[in-house]
Amino acid sequence: MYLDPEDERILQGEFGETRQKMLEILTALGKVFGAEKIIPIKSAQVSGASYKTIGEWGLRWLESLQAKVVVPTVLNPIGMPRDHWEELGISREFAEKQQAIIEAYRRLGVKMECTCTPYYLQLTQYGDHLAWAESSAVVYANSVIGARTNREGGPGALAAAIIGKTPEYGLHLLANRRPQIAVTIDGLYSPKQLKDIYGAIGYLAGKQVGNRIPIFSGIRARRDDLKALGAAMAATGAVGLFHVEGLTPEARIFKFGSAGLEEIIIEQSEIAALFREMEVDVVAIGCPHCSPTELEEIARLLEGKTVKKPLFIFSSQQVLRENRKTAEKIARSGARIVPDTCMVVSPFMERYRAIMVDSGKALAYVPDMCGAMARIGTREECIRTAVG
Amino acid sequence: MFLIIRARGISKGTGRGELLVSSEPISFLSGVDPDSGIIMESGHSLRGEHINGKILAFTHGKGSTVGSYVLYALKRNGLAPAAIINEEAEPIVALGAIMAGIPMVDRPEVPLRRLKNGTPVVVDGDRGEVEYAGELEGD
Chain A
1162 MYLDPEDERI
1172 LQGEFGETRQ
1182 KMLEILTALG
1192 KVFGAEKIIP
1202 IKSAQVSGAS
1212 YKTIGEWGLR
1222 WLESLQAKVV
1232 VPTVLNPIGM
1242 PRDHWEELGI
1252 SREFAEKQQA
1262 IIEAYRRLGV
1272 KMECTCTPYY
1282 LQLTQYGDHL
1292 AWAESSAVVY
1302 ANSVIGARTN
1312 REGGPGALAA
1322 AIIGKTPEYG
1332 LHLLANRRPQ
1342 IAVTIDGLYS
1352 PKQLKDIYGA
1362 IGYLAGKQVG
1372 NRIPIFSGIR
1382 ARRDDLKALG
1392 AAMAATGAVG
1402 LFHVEGLTPE
1412 ARIFKFGSAG
1422 LEEIIIEQSE
1432 IAALFREMEV
1442 DVVAIGCPHC
1452 SPTELEEIAR
1462 LLEGKTVKKP
1472 LFIFSSQQVL
1482 RENRKTAEKI
1492 ARSGARIVPD
1502 TCMVVSPFME
1512 RYRAIMVDSG
1522 KALAYVPDMC
1532 GAMARIGTRE
1542 ECIRTAVG
Chain B
641 MFLIIRARGI
651 SKGTGRGELL
661 VSSEPISFLS
671 GVDPDSGIIM
681 ESGHSLRGEH
691 INGKILAFTH
701 GKGSTVGSYV
711 LYALKRNGLA
721 PAAIINEEAE
731 PIVALGAIMA
741 GIPMVDRPEV
751 PLRRLKNGTP
761 VVVDGDRGEV
771 EYAGELEGD
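If you're matching them up, the sequences are chains A and B in order.
Quick note, the working numbering runs 1161 ahead of the 1-based positions in the first sequence.
Quick note, the working numbering runs 640 ahead of the 1-based positions in the second sequence.
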């Protein structure tokens, strides 16, 4: 793999042991995946932020590092909100370990945001190369924005953040970004009906698509809809990129279409079967973390109402800070807004028996991660269930 | 017999020890105990073996990416293998080896099934070489 003279000096250890190790990580990844060079990135998003995941040794490894990130870098959601965690019944022992991990990342220069939606915080543009770790953020960046990132592991993303580069392979190369399978949605839906079921469509499509690159045709979705669709496909499949004919940036620029591809159809009956009735004891919205538009929609649906069942809304600290008025409106209903974490990664959701979500991704992960039953509903149904 | 087996360097440094070979993948998360250095995975051909100080040769890593941190834990506990040989490196073991400072090579030009357990070997992760002081298994 080609390295420029400055990288060679990093590899010789001239800029300290940590930077040397980080570049060793990138060159090893380059060897494993057959990259010819390493290329500059615009931003990084690092997983391995939850104590539940990386444990004591992950923490000690982070604490051993001596360097600063050189591109804007945020963290994946952690196991609890950074403030007011005690109100959610998080144990002090867990909280202290989690705080230590946050502190270790802060020392490395990572921006103190824990979110699966870094694209709301960091200007990310068409053609930007990134090193992001969260699967739903990766699929959004690649598909909706037309940026380029592989799905990084925790140490790989951190190494990229500290060096400011990543090995060029996989989805960084245009040749690997062409559609491989065509997906159409059976049945007639109004745009309003479609908007409510993109998470469910993604949940079903991901299972059939696996790790291929799908192209959808015949849909006109907004960015928030594409977010739900992609997040679910990344959860039930291993989708890192999808296209929508005539809509997503690369499909428009390169005129990607479905001609000649294997075709799968998502049946109306399959979608209907996912939306089954079930008694739930809690409602959770914000997987992936809510956008400003989604917060506004939730606030509108909750206006003048009071929640009867616990309703949790997850978003990032920055989005909540920038939409304080909307957040206040939501909170007035008795709904609980929680930053930094989510229903999937936090231990505090484990106490519930059945969780209602509006997300195909959450539907896929809640049963295993929270040990609870999951029911999917449209956002309106979720709010209606919470206000009783 | 003394043999230089060419390979590809993945994690630098030199490690020497007795070979412990498996023709199966290893999952470090839950498959290896970081507090004893013993392989725990049920049904694995190396189950019950101590890996500390050994030259651990296996096909490739599998399982959770958190396995990288288990390699780091093994090293800090003084229970890490002296070096790792993989048929084909993948990120979990490759990154774990670099994080922990365990020398590692992959793609040895002699297949793993011809390497004999207990043979003294030296793995050179910088040069991408394995010095093998013993007989090879028959083909």
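For every residue, glycine included, the Cβ atom is placed at its ideal position computed from N, Cα and C.
- Message: Need the endpoints of the alpha helix (DSSP H) that A:E1169 sits in, please.
- Response: Within the first sequence, numbered from 1, the residue matching residue 1169 of chain A stands at position 8. Taken as a continuous stretch (DSSP letters only), the alpha helix (DSSP H) holding A:E1169 covers 1166 to 1172.
- Return the chain-ordered list of same chain residues with a C-beta closer than 6 Å to the C-beta of A:K1466, the five sequence neighbours on each side being excluded. To locate residue 1466 of chain A, count along the first sequence from 1; it is residue 305. Excluding sequence neighbours, A:K1466 sits near S1494, V1548.
- Message: I want to verify the contact list: residues of chain A whose CB lies under 8 Å from the CB of B:V770, in sequence order.
- Response: For this step, residue 770 of chain B is matched to residue 130 along the second sequence. Correct list: empty, because the minimum Cβ distance to chain A is about 17 Å.
- Item | Contacts of A:E1264 in chain B (Cβ-Cβ under 9 Å) | Within the first sequence, numbered from 1, the residue matching residue 1264 of chain A stands at position 103. Per Cβ cutoff of 9 Å: no residues; A:E1264 is ~18 Å from chain B at best.
- Message: Could you tell me the alpha carbon to alpha carbon distance between A:L1335 and A:T1285, rounded to whole angstroms?
- Response: On the first sequence, position 174 is the one that residue 1335 of chain A refers to. On the first sequence, position 124 is the one that residue 1285 of chain A refers to. One C-alpha to the other measures close to 18 Å.
- Since A:K1182 meets chain B, which of its residues come closer than 8 Å, beta carbon to beta carbon? Taking the first residue of the first sequence as 1, we reach residue 1182 of chain A at position 21. Correct list: I738, M739.
- Message: So, under 8 Å CB-CB, A:W1222 and B:M739 are touching, yes? Tell me the CB distance rounded to an integer number of Å.
- Response: Translated into the one-based positions of the first sequence, residue 1222 of chain A becomes position 61. Translated into the one-based positions of the second sequence, residue 739 of chain B becomes position 99. Indeed, because the Cβ distance is near 6 Å, the residues count as touching under 8 Å.
- Query: Is A:I1446 near the ligand FMN, going by C-beta to nearest heavy atom under 6 Å?
  - Reply: The ligand FMN is not part of this structure, which contains no ligands at all.
- Query: On the three-state DSSP scale, how would you describe A:D1289?
  - Reply: Here residue 1289 of chain A refers to the residue found at position 128 of the first sequence. It is coil, neither helix nor strand.
- Selected residue, minimal CA-CA separation from A:E1411, among A:P1340, A:P1201, A:E1455: The sequence position of residue 1411 of chain A within the first sequence is 250, counting from 1. The option with the nearest alpha carbon to A:E1411 is A:P1340.
- Alpha-carbon to alpha-carbon, A:V1305 and A:Y1281: By one-based count along the first sequence, residue 1281 of chain A stands at place 120. By one-based count along the first sequence, residue 1305 of chain A stands at place 144. Between A:Y1281 and A:V1305, the C-alpha separation is close to 13 Å.
- Query: Using 8 Å as the threshold, is the region 1262 to 1282 of chain A in touch with the region 1432 to 1452 of chain A, meaning 3 or more CB pairs across them?
  - Reply: yes
- Query: Hey, would you say A:A1515 sits closer than 7 Å to A:V1441, going by beta carbons?
  - Reply: Here the question's residue 1515 of chain A lines up with position 354 in the first sequence. Here the question's residue 1441 of chain A lines up with position 280 in the first sequence. Cβ distance < 7 Å, so A:A1515 and A:V1441 count as in contact.
- Item | Alpha-carbon to alpha-carbon, A:Y1359 and A:D1386 | By one-based count along the first sequence, residue 1386 of chain A stands at place 225. By one-based count along the first sequence, residue 1359 of chain A stands at place 198. Cα-Cα distance, rounded: 6 Å.
- Could you have a look at A:K1416 and say whether DSSP puts it in helix, strand or coil? The residue given as residue 1416 of chain A occupies position 255 in the first sequence. A:K1416: coil per DSSP, three-state reduction.
- Listed from N- to C-terminal order along the chain, which residues in the region 1184 to 1198 of chain A have their beta-carbon within a distance smaller than 8 Å of any beta-carbon of chain B? E1185, I1186, A1189, L1190, K1192, V1193
- How is the alpha helix (DSSP H) around A:M1394 delimited, first residue to last? For this step, residue 1394 of chain A is matched to residue 233 along the first sequence. Where A:M1394 is concerned, the enclosing alpha helix (DSSP H) stretches over 1384 to 1397.
- Query: Is the beta carbon of B:S651 less than 7 Å from the beta carbon of B:G765?
  - Reply: Within the second sequence, residue 651 of chain B is the residue found at index 11, counting from 1. Within the second sequence, residue 765 of chain B is the residue found at index 125, counting from 1. Yes, the Cβ-Cβ distance between B:S651 and B:G765 is below 7 Å.
- Query: First and last residue of the beta strand (DSSP E) that includes B:E769?
  - Reply: Counted from its first residue, the second sequence places residue 769 of chain B at position 129. Looking at the DSSP string, the run of the beta strand (DSSP E) that includes B:E769 is 769 to 773.
- Message: Just to confirm, is the Cβ distance from B:R656 to B:V762 under 7 Å?
- Response: Sequence index remark: in the second sequence, residue 656 of chain B carries index 16 (1-based). Sequence index remark: in the second sequence, residue 762 of chain B carries index 122 (1-based). Contact: yes.
- Message: Check whether chain B comes within 7 Å of A:W1218, counting only Cβ atoms and requiring the distance to be less than that.
- Response: For the purposes of this step, residue 1218 of chain A is identified with residue 57 of the first sequence, where counting begins at 1. Answer yes: the Cβ-Cβ gap between A:W1218 and chain B drops below 7 Å somewhere.
- Where B:L755 and B:E777 are concerned, what is the direct C-alpha to C-alpha distance, given to the nearest angstrom? In the second sequence, counting from the first residue as 1, residue 755 of chain B sits at position 115. In the second sequence, counting from the first residue as 1, residue 777 of chain B sits at position 137. Whole-angstrom Cα-Cα distance: 6 Å.
- What three-state label does DSSP hand A:T1179 in the structure shown? Residue numbering aside, residue 1179 of chain A sits at position 18 when the first sequence is read from its first letter. The answer is helix: DSSP assigns A:T1179 an H, G or I state.
- Task: Kindly confirm or deny that the region 1391 to 1409 of chain A and the region 1305 to 1314 of chain A touch, where touching means at least three C-beta pairs closer than 8 Å.
- Result: yes
- Query: Got a sec: which bits of the region 1304 to 1321 of chain A sit with their beta carbon under 9 Å from any beta carbon on chain C, in order along the chain?
  - Reply: Judged by its chain identifiers, the structure shown contains no chain C, and its protein chains are A and B.
- Message: Once DSSP output is grouped into helix, strand and coil, what is the label at B:K756?
- Response: Position 116 of the second sequence, counted from the first residue, corresponds to residue 756 of chain B. In the structure shown, B:K756 sits in coil (DSSP, three-state: anything other than H, G, I, E or B).
- Just curious, the beta strand (DSSP E) that A:T1276 is in, first and last residue? Here residue 1276 of chain A refers to the residue found at position 115 when the first sequence is read from its first residue. Note, A:T1276: premise wrong, no beta strand (DSSP E); not H, not E.
- Message: Here's the rule: buried if 16 or more other CB atoms are within 10 angstroms of the residue's CB, otherwise exposed. What is B:D675?
- Response: Against the second sequence, residue 675 of chain B aligns to sequence position 35. It is exposed - the Cβ of B:D675 has fewer than 16 other Cβ atoms within 10 Å.
- Message: Under 7 Å, Cβ to Cβ, is there at least one residue of chain A near B:I650?
- Response: Position 10 of the second sequence, counting from 1, holds the residue named residue 650 of chain B. Yes, its Cβ sits closer than 7 Å to a Cβ of chain A.
- Task: Return the Cβ separation of A:M1439 and A:R1512 in integer angstroms, given the expectation that the two are a contact with Cβ distance under 8 Å.
- Result: Position 278 of the first sequence, counted from the first residue, corresponds to residue 1439 of chain A. Position 351 of the first sequence, counted from the first residue, corresponds to residue 1512 of chain A. That belief does not hold up - the Cβ atoms of A:M1439 and A:R1512 are roughly 18 Å apart, past 8 Å.
- Message: Closer than 9 Å between beta carbons: that is the criterion. Which residues of the region 1283 to 1294 of chain A meet it against chain B?
- Response: none
- Residues that DSSP places opposite A:A1445 in a beta bridge: As a position in the first sequence, residue 1445 of chain A is number 284, starting the count at 1. A:A1445 pairs with A:F1473, A:V1518.
- Item | Other residues of its chain near B:E730: CB distance less than 6 Å, five sequence neighbours each side excluded | Position 90 of the second sequence, counted from the first residue, corresponds to residue 730 of chain B. Within the same chain, B:E730 has close Cβ partners H700, G701.
- B:P760 versus B:L696 - alpha carbon distance: Taking the second sequence and counting its residues from 1, one reaches residue 760 of chain B at position 120. Taking the second sequence and counting its residues from 1, one reaches residue 696 of chain B at position 56. So the two alpha carbons sit approximately 12 Å from each other.
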